[in-house]
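Chemist:
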Amino acid sequence: MAAERPAGAARGDDMTGTGRLGVGIGWRPEIDLTVERLPGVDFVEVVAENIRPGDLPESLRVLRGRGLPVIPHGVGLGLGGAEPPDPDRLAHLADCARALDAPLVSEHLAFVRAGGMEAGHLLPVPRTRAALAVVADNVRRAQAALPVPLALENVAALFGWPDDEMTEAEFLGELVETTGVGLLVDVANLYTNQINLGLPAVGALDALPLSELAYVHVAGGHLHHGVWHDTHTARVPGEVLEILAELRARVDPPGVLLEWDGDYPGDDVLEAELGRIREAVTRA
1 MAAERPAGAA RGDDMTGTGR LGVGIGWRPE IDLTVERLPG VDFVEVVAEN
51 IRPGDLPESL RVLRGRGLPV IPHGVGLGLG GAEPPDPDRL AHLADCARAL
101 DAPLVSEHLA FVRAGGMEAG HLLPVPRTRA ALAVVADNVR RAQAALPVPL
151 ALENVAALFG WPDDEMTEAE FLGELVETTG VGLLVDVANL YTNQINLGLP
201 AVGALDALPL SELAYVHVAG GHLHHGVWHD THTARVPGEV LEILAELRAR
251 VDPPGVLLEW DGDYPGDDVL EAELGRIREA VTRA
């Protein structure tokens with residue numbers, strides 16, 4: 001029997017609280033004016049650790065004034081760790097959500113620290129029943145502390161744990177069913193895991209609980225000595241857009257967002273990338 005869905009947890013498009021998000025881009029201070037003037041940007045996402053809720057950047061205030069949804073995206077909560085999430089980090093995420101009037105908050109299914117030591121990377125969670133119970137408890141703690149729904153993102157991995165009992169899709173599926181947490185599917189991370197670990201991206205789409213989809217990430221990267229690096233510093237590969245099209249063939253995503261985190265190109269390149277994303281979704 002499926003676990004009872006927690007009070008306030010939502011399904012499908014209602015996960016966002018605003019229905020459709022559309023096509024968006026990750027807001028970064030290096031491209032703040034670009035994001036403001038790009039045509040067809042429907043929503044943005046901001047790294048929560050990079051802002052102060054009481055002193056938001058002017059650009060984010062401008063975008064919010066236009067009515068664009070702004071989603072805080074955490075990278076340091078570490079819900080996949082053995083320790084409960086830090087109350088101060090949770091409070092910061094909650095404050096970001098309130099300051100931005102955000103429809104939801106997103107984070108990663110990853111662990112980032114242990115015993116007070118920072119990994120400096122989003123590391124994969126051991127996909128065991130014991131780990132699932134710990135992560136589910138951490139997710140419930142986060143949900144209780146946040147004023148809006150939470151969505152979790154699948155990560156790009158350079159290794160897998162030898163004692164895994166489930167695939168990442170199965171692990172996420174059970175976590176979603178148990179806690180009612182939303183799903184942020186990064187199709188670029190699925191592509192990374194396909195190249196580096198031999199895990200079929202389309203097979204993951206078939207196993208993920210896409211009915212709980214909050215929105216989608218796409219990004220580019222680089223192949224170096226046979227290893228794909230998810231750098232977010234290049235155009236989105238056609239193969240990633242094909243995975244996006246496969247996802248669209250299974251579900252109508254509430255939103256799709258382009259991540260770009262360095263070696264920033266001109267406005268025309270970013271505008272073209274958003275156009276390619278729209279085309280992939282429409283084509284499917």
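End of the sequence shown = 284 in the numbering used here, gap-free, step of one.
A virtual CB, placed ideally from N, CA and C, is assigned to each residue, including glycine.
Ordered along the chain, which non-local residues of its own chain (more than five positions away) have a Cβ less than 7 angstroms from that of M166?
Modeler: The residue you call residue 166 lines up with position 166 of the sequence shown. Excluding sequence neighbours, M166 sits near R127.
Chemist: Go ahead and label V269 buried or exposed: buried means 16 or more other beta carbons lie within 10 angstroms of its beta carbon, across all protein chains shown.
Modeler: As a working note, residue 269 is residue 269 in the sequence shown. It is exposed - the Cβ of V269 has fewer than 16 other Cβ atoms within 10 Å.
Chemist: Tell me the residue span of the beta strand (DSSP E) that contains H92.
Modeler: Mapped onto the sequence shown, residue 92 falls at position 92. That residue, H92, is in no beta strand (DSSP E); its alpha helix (DSSP H) goes P87 to L100.
Chemist: Grouping DSSP H, G and I as helix and E and B as strand, with all else coil, what is V281?
Modeler: In the sequence shown, residue 281 corresponds to position 281, counting from 1. Correct three-state label for V281: helix.
Chemist: Consult DSSP for A151 and reduce its assignment to one of helix, strand or coil.
Modeler: Counted from its first residue, the sequence shown places residue 151 at position 151. If DSSP states are grouped into helix, strand and coil, A151 belongs with the strands.
Chemist: Tell me, which residues are paired with L132 by DSSP?
Modeler: The count along the sequence shown starts at 1 and reaches residue 132 at position 132. DSSP output for L132 lists no bridge partner at all.
Chemist: Between which two residues does the beta strand (DSSP E) containing G255 stretch?
Modeler: Here residue 255 corresponds to residue number 255 of the sequence shown, with the count starting at 1. Start and end: G255 to L258.
Chemist: List in chain order: all unbroken beta strand (DSSP E) runs of 3+ residues lying wholly within the segment 133-216.
Modeler: The segment 133-216 contains these whole beta strand (DSSP E) runs: 150-153 and 182-186.
Chemist: Using only CA atoms, which one of V176, G180 and R235 lies nearest to A188?
Modeler: Counted from its first residue, the sequence shown places residue 188 at position 188. Ranking the options by Cα distance to A188, first place goes to R235.
Chemist: If you follow the alpha helix (DSSP H) that L79 is in, where does it begin and where does it stop?
Modeler: Against the sequence shown, residue 79 aligns to sequence position 79. Premise fails: L79 is in no alpha helix (DSSP H) and is neither H nor E.
Chemist: How many angstroms separate the CA atom of H229 from the CA atom of I195?
Modeler: For the purposes of this step, residue 229 is taken as residue 229 along the sequence shown, with counting starting at 1. For the purposes of this step, residue 195 is taken as residue 195 along the sequence shown, with counting starting at 1. Between H229 and I195, the C-alpha separation is close to 10 angstroms.
Chemist: Is there a C-beta anywhere in chain B that falls below 8 angstroms from the one on D267?
Modeler: In the structure shown, chain B does not exist; there is a single protein chain.
Chemist: Can you tell me the Cα-Cα spacing of N138 and D86, whole angstroms?
Modeler: Walking along the sequence shown from the start, residue 138 turns up at place 138. Walking along the sequence shown from the start, residue 86 turns up at place 86. C-alpha separation (whole angstroms): 10 angstroms.
Chemist: Label G238 either buried or exposed according to how many other C-beta atoms from any shown protein chain fall within 10 Å of its C-beta, with 16 as the threshold for buried.
Modeler: Taking the first residue of the sequence shown as position 1, residue 238 is located at position 238. Exposed.
Chemist: Can you tell me which of the three DSSP states L123 falls into?
Modeler: Counted from its first residue, the sequence shown places residue 123 at position 123. Strand, per DSSP.
Chemist: Considering G238, what are the terminal residues of the beta strand (DSSP E) in which it resides?
Modeler: Looking up residue 238 in the sequence shown gives position 238. Here G238 belongs to no beta strand (DSSP E); instead the alpha helix (DSSP H) covers G238 to R250.
Chemist: May I have the straight-line CA-CA distance separating P200 from E58, to the nearest angstrom?
Modeler: Position 200 of the sequence shown holds residue 200. Position 58 of the sequence shown holds residue 58. Each residue's alpha carbon lies about 42 angstroms from the other.
Chemist: Hey, would you say L208 sits closer than 8 angstroms to L241, going by beta carbons?
Modeler: What you label residue 208 is simply residue 208 of the sequence shown in a count that begins at 1. What you label residue 241 is simply residue 241 of the sequence shown in a count that begins at 1. No, Cβ-Cβ distance for L208 and L241 is not below 8 angstroms.
Chemist: Measure how close the beta-carbons of L109 and E49 come, nearest whole angstrom, since I'm counting them as under 8 angstroms.
Modeler: The residue you call residue 109 lines up with position 109 of the sequence shown. The residue you call residue 49 lines up with position 49 of the sequence shown. Going by Cβ atoms, the distance from L109 to E49 rounds to 17 angstroms, so no, they are not a contact pair.
Chemist: Taking DSSP's pairing of strands, which residues face P72 in a bridge?
Modeler: As a working mapping, residue 72 is identified with position 72 in the sequence shown. DSSP output for P72 lists V46 as bridge partner(s).
Chemist: Return the CA-CA distance between T192 and R129, expressed in angstroms with no decimal places.
Modeler: Along the sequence shown, read from residue 1 onward, the residue named residue 192 stands at position 192. Along the sequence shown, read from residue 1 onward, the residue named residue 129 stands at position 129. Rounded to the nearest angstrom, the two C-alpha atoms are 25 angstroms apart.
Chemist: So, under 8 angstroms CB-CB, G54 and D42 are touching, yes? Tell me the CB distance rounded to an integer number of Å.
Modeler: Your numbering for residue 54 matches position 54 in the sequence shown. Your numbering for residue 42 matches position 42 in the sequence shown. At roughly 27 angstroms, the Cβ-Cβ gap does not stay under 8 angstroms, so G54 and D42 are not in contact.
Chemist: Looking at P69 and C96, is the spacing between their C-beta atoms short of 8 angstroms?
Modeler: Sequence index remark: in the sequence shown, residue 96 carries index 96 (1-based). Sequence index remark: in the sequence shown, residue 69 carries index 69 (1-based). No. Outside cutoff.
Chemist: Helix, strand or coil, according to DSSP, for V41 in the structure here?
Modeler: Reading the sequence shown from its first residue, position 41 is the one you call residue 41. Coil at V41, not helix or strand.
Chemist: If you draw a straight line from the alpha carbon of Q143 to that of G220, how long is it in whole angstroms?
Modeler: Locating residue 143 in the sequence shown gives position 143, counting from the first residue. Locating residue 220 in the sequence shown gives position 220, counting from the first residue. Using only the alpha carbons, I get a separation of about 31 angstroms.
Chemist: Which residues share a DSSP beta bridge with S106?
Modeler: As a position in the sequence shown, residue 106 is number 106, starting the count at 1. BP columns for S106 point to H73 and A151.
Chemist: Among the residues of its own chain, which have a CB less than 7 angstroms from the CB of G120, if the five just before and after it don't count?
Modeler: For the purposes of this step, residue 120 is taken as the residue at position 120 of the sequence shown. Because G120 carries a pLDDT of 49, less than 50, the predicted location of this residue cannot be relied on, and no value is offered for it.
Chemist: Determine whether the beta carbon atoms of G26 and V44 lie at a separation below 8 angstroms.
Modeler: What you label residue 26 is simply residue 26 of the sequence shown in a count that begins at 1. What you label residue 44 is simply residue 44 of the sequence shown in a count that begins at 1. Taking 8 angstroms as the Cβ cut-off, G26 and V44 qualify as a contacting pair.
Chemist: Confirm, please, whether the CB-CB distance from L197 to G160 is below 8 angstroms.
Modeler: As a first step, residue 160 must be located in the sequence shown, where it is residue number 160. As a first step, residue 197 must be located in the sequence shown, where it is residue number 197. Cβ distance < 8 angstroms, so G160 and L197 count as in contact.
Chemist: Can you tell which of V35, P254, T231 and E246 has the C-alpha that lies nearest to the C-alpha of G262?
Modeler: The sequence position of residue 262 within the sequence shown is 262, counting from 1. Looking at the Cα atoms, T231 is the closest of the given residues.
Chemist: Do A151 and V181 have their beta-carbon atoms positioned less than 8 angstroms apart in this structure?
Modeler: Position 181 of the sequence shown holds residue 181. Position 151 of the sequence shown holds residue 151. Cβ atoms of V181 and A151: closer than 8 angstroms.
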